[in-house]
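Visitor: Position in the sequence shown counted from 1, then plus 40, gives you our numbering. What follows is a structure written as structure tokens; I'll ask about it next.
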Amino acid sequence: MALIKVIGVEVNYKSVKALEDVTLDVSEGEIAAVLGPNGSGKTTLLRTIDGIVRPVRGSVYVDSKSVARLTRREAARLIGYVPQHINVSRGVKVIDFVLTGRRPHISFSPSDRDVDIALSYMSTLEIEHLATRDITELSGGELQRALIARALVAEPKVLLLDEPTSNLDLRYQVAILELVSELSRKKKITVMMALHDLTQAYRYSDKAILLSNGRIHAMGATHEALTPDTIKLVFGVEALVLSEHKAIIPAFYGR
Ligand SMILES: Nc1ncnc2c1ncn2[C@@H]1O[C@H](COP(=O)(O)OP(=O)(O)O)[C@@H](O)[C@H]1O
Ligand SMILES: [Mg+2]
Numbered sequence: 041m042a043l044i045k046v047i048g049v050e051v052n053y054k055s056v057k058a059l060e061d062v063t064l065d066v067s068e069g070e071i072a073a074v075l076g077p078n079g080s081g082k083t084t085l086l087r088t089i090d091g092i093v094r095p096v097r098g099s100v101y102v103d104s105k106s107v108a109r110l111t112r113r114e115a116a117r118l119i120g121y122v123p124q125h126i127n128v129s130r131g132v133k134v135i136d137f138v139l140t141g142r143r144p145h146i147s148f149s150p151s152d153r154d155v156d157i158a159l160s161y162m163s164t165l166e167i168e169h170l171a172t173r174d175i176t177e178l179s180g181g182e183l184q185r186a187l188i189a190r191a192l193v194a195e196p197k198v199l200l201l202d203e204p205t206s207n208l209d210l211r212y213q214v215a216i217l218e219l220v221s222e223l224s225r226k227k228k229i230t231v232m233m234a235l236h237d238l239t240q241a242y243r244y245s246d247k248a249i250l251l252s253n254g255r256i257h258a259m260g261a262t263h264e265a266l267t268p269d270t271i272k273l274v275f276g277v278e279a280l281v282l283s284e285h286k287a288i289i290p291a292f293y294g295r
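Take a look at the structure:
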């Protein structure tokens, strides 16, 4: 079943056409990587699926519901969106920040169960020891993990991650991708993540969506869609696809 369905979507920011004729679907429990150069429309695509950005043409369905018709609360229960950056303000403890992710489930104030859920995801993301720290006092990587924890505590069916590994050291890059992989396998969470690292996409996604100038230039099963030709077309770079190592690296002509 297609958990995410995008049909003929066009998005404009004033004079800039950010997405054009975008049609795709992502099945339940599948991990889709959104790839493309800077400014190709990756963030806009994720924001459009979350319903924050409204397309001028086309439609978006998540779990068979039109995103345009969902209230923000309904959307927040269904879709966890992890932006690349956020501005945080002083005076909020990490645990309270993560708990804001439970808001779509909370009617009055957080229950013990809400706190338990928050602490359990914080433990998975290894930020439990930071619970009482001020949110402004986290490192980039810690804040990234707090953002992911905040999205997960809502227990969404769909997780949209915007460059989830870009602020993390190698260990946490692997940890986050392994976690995402496990969530998709065990909990059937459907994931769409914008990535810069083609090797990460090659190893951790079932489907690859290659964007350039707001259009999809290649899409399909990751191992078929990511080829030297499609990489050259979209990124303008000669690349080597090392299938035995499940790695993609730029070709090297230097010394
Ligand atoms: N809020 C905005 N206002 C105007 N133009 C924007 C805005 N956000 C993004 N854009 C433009 O839309 C295009 C796609 O941007 P974006 O989705 O952020 O790409 P990516 O995430 O792939 O780097 C770019 O040309 C960018 O400059
Ligand atoms: Mg972006």
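Beta carbons are placed, not taken as given, at the ideal position from N, Cα and C, and that holds for glycine. Note that the structure is predicted; figures quoted are calculated from it, not measured.
Within the same chain, show all residues whose beta-carbon is closer than 6 angstroms to that of residue 252, passing over the 5 residues directly before and after it, in chain order.
Guide: Result list for residue 252: 76, 80 and 274, in chain order.
Visitor: Measure the C-alpha to C-alpha separation of residue 69 and residue 44 and round it to an integer number of angstroms.
Guide: C-alpha separation (whole angstroms): 11 angstroms.
Visitor: For residue 293, does the three-state DSSP call read helix, strand or coil?
Guide: Coil.
Visitor: Can you list, in chain order, the residues of its chain with a C-beta nearer than 8 angstroms to that of residue 173? Leave out the 5 residues immediately preceding and following it.
Guide: Within the same chain, residue 173 has close Cβ partners 133 and 134.
Visitor: Sorted by chain position, which residues of the same chain lie with C-beta nearer than 6 angstroms to residue 41's C-beta, five sequence neighbours on each side aside?
Guide: So the qualifying residues of the chain are 68.
Visitor: Please confirm if the stretch 178-194 is in contact with the stretch 118-126, defined as three or more CB-CB distances below 8 angstroms between the two stretches.
Guide: Touching, yes.
Visitor: Is residue 202 near ligand 1 - that is, is its Cβ less than 8 angstroms away from at least one heavy atom of it?
Guide: Within the cutoff, so yes.
Visitor: What residue range does the alpha helix (DSSP H) around residue 220 cover?
Guide: Residue 220 -> alpha helix (DSSP H) spans 210-226.
Visitor: Compute every distance between the C-beta of residue 57 and the non-hydrogen atoms of ligand 2, then say whether any falls below 8 angstroms.
Guide: No, ligand 2 has no heavy atom inside 8 angstroms of this Cβ.
Visitor: Just to check, is the beta-carbon of residue 254 closer than 8 angstroms to a non-hydrogen atom of ligand 1?
Guide: True, at least one ligand heavy atom lies under 8 angstroms from that Cβ.
Visitor: Go ahead and pull the three-state DSSP assignment for residue 128.
Guide: Here residue 128 sits in coil by DSSP.
Visitor: Quick one: complete beta strand (DSSP E) runs, 3+ long, within the stretch 224-285?
Guide: The stretch 224-285 contains these whole beta strand (DSSP E) runs: 230-234, 247-252, 255-261 and 279-282.
Visitor: Considering only heavy atoms of ligand 1, does any lie closer than 8 angstroms to the CB of residue 121?
Guide: No.
Visitor: Using three-state DSSP, classify residue 135 as helix, strand or coil.
Guide: The answer is helix: DSSP assigns residue 135 an H, G or I state.
Visitor: Applying the criterion that 16 or more other CB atoms from any shown protein chain within 10 Å of the CB defines a buried residue, is residue 202 buried or exposed?
Guide: So residue 202 ends up on the buried side.
Visitor: Given a cut-off of 9 angstroms on the beta-carbon distance, is the pair residue 11 and residue 189 in contact?
Guide: This structure does not reach residue 11, given that the chain is present from 41 up to 295, and the question cannot be answered.
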